[in-house]
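The numbering used here puts the first residue of the sequence shown at 584, with every later residue one more than the last.
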Amino acid sequence: MTENDAGILVGERLRAIRRQKGLSLHDVEARSRQEFKASVVGAYERGERAISVARLLRLAELYDVPPDQFLPREPGEVEIDLTDRHDVESVTLDLVRLQKQPSPEPDVDVLARYAQTIQLQRQDFNGRMLTIRRDDVRVLAAVLGRRPEELASRLDDLGLRTKN
584 MTENDAGILV
594 GERLRAIRRQ
604 KGLSLHDVEA
614 RSRQEFKASV
624 VGAYERGERA
634 ISVARLLRLA
644 ELYDVPPDQF
654 LPREPGEVEI
664 DLTDRHDVES
674 VTLDLVRLQK
684 QPSPEPDVDV
694 LARYAQTIQL
704 QRQDFNGRML
714 TIRRDDVRVL
724 AAVLGRRPEE
734 LASRLDDLGL
744 RTKN
């Protein structure tokens, strides 16, 4: 990856995060009390101007995100976008199998804790199955380091999904 390629990728991340925050370039300028001019932030986002580490850290603080979120992803790394609203299906988790599942598998421990938390929130203690709603699918997939559309097949691999 060339320095120019890295600048473009950082710029794309800057723009994506700014937009996720619902900020215009002028909003960034106003919010930063003119520390970041709209034209300069735009140049960073287009990869036309290199951004220093100090400025990147300051933008991360301004956007209230971890600084590493601006950095390009490794090839093959799963990028998780919790704002993505593509058709994600809810899935039903078999709680009986989950309780019986030996847990040398880290995903099983995470699933058990997550299911218990959802049961407490919903006050749903029937104990046999739990429907994981679409928004919960996105979050659970992110926690497991997977894309939302991969969660159902992972649950199938573990024998924990109930077919409706």
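By construction, the Cβ of each residue, glycine as well, lies at the ideal position given by its N, Cα and C atoms.
In this text, all values refer to a predicted model and were calculated from it rather than measured experimentally.
Any idea which residues DSSP pairs residue i with across the strands?
i	result
V674	I715
T745	T675
Between which residues of its own chain and residue i is the CB-CB distance below 6 Å, once the five residues before and five after are set aside?
i	result
L608	A621, V624 and G625
R632	A626
R717	V671 and S673
Can you say whether residue i is buried or exposed, counting buried as having 16 or more other CB atoms within 10 angstroms of its CB?
i	result
R596	buried
F708	exposed
D690	buried
Sorted by chain position, which residues of the same chain lie with C-beta nearer than 7 Å to residue i's C-beta, five sequence neighbours on each side aside?
i	result
K683	none
I591	G630
Starting from the C-beta of residue i, find all residues in its chain whose C-beta is less than 8 Å away, skip the five residues before and the five after it, and write them out in chain order.
i	result
N587	G630
A643	P649, P650, Q652 and F653
I need the straight-line Cα distance from residue i to residue j, nearest angstrom please.
i	j	result
A613	R641	15 Å
V726	M712	20 Å
L694	I600	29 Å
T675	L703	17 Å
F619	D610	10 Å
A748	A637	Because residue 748 is not part of the residues shown, which for the chain are 584 to 747, the question remains open.
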